[in-house]
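If you're matching positions, the sequence shown starts at 1 in my numbering and goes up one per residue.
Quick reminder that beta carbons are idealized off the backbone N, C-alpha and C, glycines included.
Please read these numbers as outputs of a predicted model, since none were measured by experiment.
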Amino acid sequence: MRRRTVPMPGRRQAWARWHEDHPTGRLHAEAGLRLVWLQLRQGEAEAAAAGLAALAQARPWLRTDPAWRRTQAMVDYVQGRPAEALAGLDASPDEAAPLYLRGLCEVALGNPLAAAAAFQKLAARFPESPL
């Protein structure tokens with residue numbers, strides 16, 4: 001069965017509408033994180049950073065959430081702060097995307113061996129990943 005995909009602007013509008021319509025909903029923070037990721041994918045790093053900061057201000061507990069920390073690390077990397085991004089990642093990420101981000105940060109910091117190790121670990125642990 002083929003999954004139906006919604007074009008990027010439609011996804012963003014849907015998440016934004018849900019986020020706005022359910023300000024006290026249990027998934028409000030998750031919807032906010034989805035919006036931030038969509039903003040990053042569309043090259044809107046400043047909007048993503050502002051949205052992430054607003055989420056953390058409204059819900060301070062989010063700063064300890066692994067999904068929020070990964071998102072903050074990606075915002076830091078996209079905004080040219082690889083050291084901060086690397087510091088925000090778990091020491092031993094267990095998912096493909098954080099491992100890849102770790103490798104990108106190491107490249108940006110001029111550490112080719114550490115980057116190669118991250119990319120090798122990614123390839124070994126997640127051979128089916130498009131990353």
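Boundaries (first-last residue) of the alpha helix (DSSP H) holding residue i
i	result
Gln-57	45-58
Gly-88	82-88
Glu-30	28-41
Arg-63	Here Arg-63 belongs to no alpha helix (DSSP H), and DSSP marks it neither H nor E.
Pro-98	96-108
Phe-174	Nothing can be reported for residue 174: it is not among the residues displayed for the chain, which extend from 1 to 131.
Whether residue i touches residue j by CB criterion (7 Å)
i	j	result
Gln-39	Ala-47	yes
Leu-101	Leu-122	no
Arg-69	Gly-51	no
Pro-82	Ala-53	no
Phe-126	Ala-96	yes
Gly-32	Leu-55	yes
Ala-73	Ala-85	yes
Gly-103	Ala-91	no
Ala-45	Val-78	yes
Thr-64	Val-36	no
Thr-117	Val-75	Going by the sequence as given, residue 117 is Ala instead of Thr. Cβ distance not < 7 Å, so Ala-117 and Val-75 don't count as in contact.
For residue i, the three-state DSSP class (helix, strand or coil)
i	result
Leu-91	According to the sequence as given, residue 91 is Ala; it is not Leu. Reduced to three states, the DSSP call for Ala-91 is coil.
Ser-129	coil
Met-1	With a pLDDT of only 48 at Met-1, under 50, the local geometry of the prediction cannot be trusted, and the value read off the model is given with reservation. Coil at Met-1, not helix or strand.
Glu-72	Correcting the residue identity first, residue 72 is Gln in this sequence and not Glu. Of the three classes helix, strand and coil, the one that applies to Gln-72 here is helix, per DSSP.
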